[in-house]
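In the numbering used here, the protein residues as written are -16 to 799.
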């Protein structure tokens, strides 16, 4: 029995020694590679010390304790020098080494090393033995490491504490749309055409929001995974509330009307989409509402038809097969007075390169008193022969074309001839637009011209309007002003979010303002009359050296109010262990990276922020009275590698093989000299190479440009193999909601929760587990029972792989 025990002890120590030697070989290989590409020498030094320690263990030398204590202490000092008291970077550097140190202190290890040192562990001399003092040294180093780790739990170097400006009782939001929205309702994607995502309701407050509970839940029956669905099949809808009805669309574009107080279905409309669509996105962010002409301030959706086949008010739905459908809010029936008796119009009219599914509107259209204004998405990076990004205005009653603005032919806005076509491949607007009917302008966030990563043949018109916000005259479609957020965009930094309109008190003047969030992290605050900056914008030098046949802009605009993250360095690389962190460091130094706006390259460029965006289509929420913004910045690095094309047909970057059915071959860029291989910057274990946090909530003063508070947001519960509720700060996709009661809401974090925050400080007040991903923007309204409801759509997102579902959930305070 004793012999077997001794053999097992030797086996354990032998395994420990072998593990150290194997680790040293891996670290030496990686360390030499890292040193060769210009990285830190520390991994190579660590490999040497671990090898020495492993050999000493093999020989049963008690000096191994001292060497390992040196390994741990040196690594702790190095980790603090690189990362400071930041828990997650410290953990990646120390986790495995700390565990091995604990194993070395097991009593049987020390006794065995004592015995081989010739020391009598029962005698007085044992206290001075090499083994005993070495063990104490290692134990002390472990205690110090644990103490540093514990201290880092109470310190967040990324946290910004502060308080937003208080509400000004005398201040009121000027320049509201002519057609007001009742406080109890939500008439447009951002509640009004101003896109503020702000409700004047005050029932939810920081003192009571923790009492929210589910009032009702509805299941749409529309879940991703149907035949022909692309990867990006997503539920991104924000419902409308008009009178006592909710109206929303599902990912496959059914429109549903519910009783807003009970959640009971009233009607459902199925547009019967064409099969075999070449879609990249299967989503519907919302429907649009035209109030009855004789009751523009009515709180009811009910109105009588003015004549047979017409509707007093309308709901507009843009479909994935390129139609704009008008529905009666009362019944869900087609409004046959729209579109020559069909209740719909064909958005493929005059469009070049017809390929069903390759062009449609993923976002709700703009409704004005007399016009419905429609943009659309085109396939991203498939070819240089896509459809036009034309913006069109149709008569809201008949559907007749009133004007068309094509960024490839911007000066001619009169309706196109019957047999003519719009400009091929001109920049499009796939996101949500805003409107100010008092000023007579619609504000269009513009995308880029495919391909996104190579622009060697872009026209002057494209260079002017791509990745910009454009103000068009509502009546004529003529350009009133344009502000470009990126010059010669090579990074897919199209303007993703709805422009948010409010009136700002700037000094003694009240100025009509527009706030434009961007993927690169800027919040441009502009005078919406002229496009001139209200907060200073500077042009900063940008890296040069674009791909063959292309060029890069010398400078890029930067706003005073910017969430642009600091430039990445090798020390910012991360992983679950020392080893995948080392792999990330090697990958980082092998990529081309000169900070933001590093041009794409054939060797591979690190793009940070990536095209996921600091801000995406969810945008921001603003309180027009307090003049503040509630924002949700996200930070993820991506890799962009250009792949030379030998011809215009060979598939170059389809890692999973040719796309199924009619789905498009994304990123092939047929017709351009390069395909593009785009991917998030991940470790070999599939986690981001950059250290967390990756997602925040933040509050900013729009008058000064100051970020008053910023806190990491969300856990990795639904992102890691184990459901660990670590608050690391996770990415967000979906917009926030602000209320006059001083509470903000967000459901788009990648961990399937809806959360409430104190607007003053940004501190979390409440959370509720969702049955699926909540990558949509929540909204709030008042029911006929007088209760305020928070409405959350939880259907999941295909691209981010959050759990699929079909839930619409209403929360409320307990009934009195």
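The beta-carbon is built from N, C-alpha and C at its ideal position, and this holds for glycine as well.
Just measuring C-alpha positions, the residue of 732, 520, 652, 518 sitting nearest residue 614 is 732. Counting along the chain, the unbroken alpha helix (DSSP H) around residue 62 starts and ends at 46 to 66.
The Cβ-Cβ distance between residue 214 and residue 572 does not fall below 8 Å. Counting only the Cα atoms, residue 530 lies some 11 Å from residue 626. For residue 564, the secondary structure class from DSSP, reduced to helix, strand or coil, is helix. Out of 398, 715, 703, 669, the CA that lies nearest to the CA of residue 678 is found in 715.
Distance from the CA atom of residue 773 to the CA atom of residue 781, rounded to whole angstroms, is 24 Å. Every beta strand (DSSP E) stretch that sits fully inside the segment 672 to 714 and reaches 3 residues is listed by chain position as 679 to 684, 690 to 695. Setting aside the 5 residues that flank it on each side, residue 668 is surrounded in the same chain by 559, 563, each with a C-beta closer than 6 Å to its C-beta; the list follows chain order. Contact annotation, residue 335 with residue 652: C-beta distance approximately 18 Å; criterion of less than 8 Å not satisfied.
A direct Cα-Cα distance of roughly 4 Å separates residue 693 from residue 681. Fully contained in the segment 266 to 348 is no alpha helix (DSSP H) run of length 4 or more. By the neighbour-count definition (other C-beta atoms within 10 Å, threshold 16), residue 347 is a buried residue. Judged by DSSP secondary structure, residue 492 falls within the beta strand (DSSP E) whose first and last residues are 492 to 500. Within the segment 221 to 257, the runs of beta strand (DSSP E) at least 3 residues long that lie entirely inside it are, in chain order, 223 to 225, 228 to 232, 238 to 242, 248 to 252. Per the Cβ contact rule, the segment 464 to 481 is not in contact with the segment 399 to 407 (fewer than 3 Cβ pairs under 8 Å).
Rounded to the nearest whole angstrom, the C-alpha separation of residue 428 and residue 419 is 15 Å. Straight through space, the alpha carbons of residue 294 and residue 513 are spaced by roughly 37 Å. A straight line joining the alpha-carbon of residue 757 with that of residue 16 spans about 42 Å. Looking only at 366, 666, 676, the smallest Cα-Cα distance to residue 436 is reached by 366.
DSSP places residue 34 outside any beta strand (DSSP E); the residue lies instead in the alpha helix (DSSP H), whose first and last residues are 25 to 41. Buried is the label assigned to residue 778, since at least 16 other Cβ atoms lie within 10 Å of its Cβ. Assignment of residue 194 by DSSP, reduced to helix, strand and coil, places it in the helix class. Exclusion of the five residues before and after residue 439 leaves 532, 533 as the residues of its chain whose Cβ lies within less than 6 Å of its Cβ.
Per DSSP, residue 464 lies in no alpha helix (DSSP H) segment; the continuous beta strand (DSSP E) that holds it begins and ends at 462 to 467. Taking 8 Å as the upper bound for CB-CB distance, residue 269 and residue 220 are in contact here, some 5 Å apart.
Contact between the segment 601 to 612 and the segment 580 to 592 is absent: fewer than three C-beta pairs spanning the two stretches fall below 8 Å.
Straight-line measurement puts the Cα of residue 576 at about 33 Å from the Cα of residue 730. The residue from 589, 656, 619 with its alpha-carbon nearest to that of residue 630 is 656. In this chain, residue 624 is not harboured by any alpha helix (DSSP H); it is covered by the beta strand (DSSP E) spanning 621 to 627. Among the bridge pairs identified by DSSP, residue 201 is matched with 791. With respect to the 8 Å criterion, residue 791 and residue 201 are classified as neighbours on the basis of their beta carbons. Residue pairing by DSSP places residue 506 opposite 500 in a beta bridge. When the alpha-carbon of residue 720 is set against those of 330, 169, 454, 537, the nearest one is in 169. In the three-state reduction of the DSSP assignment, residue 630 falls in the coil class. Taken in chain order, the whole alpha helix (DSSP H) runs of length 4 or more contained in the segment 418 to 468 are 443 to 448.
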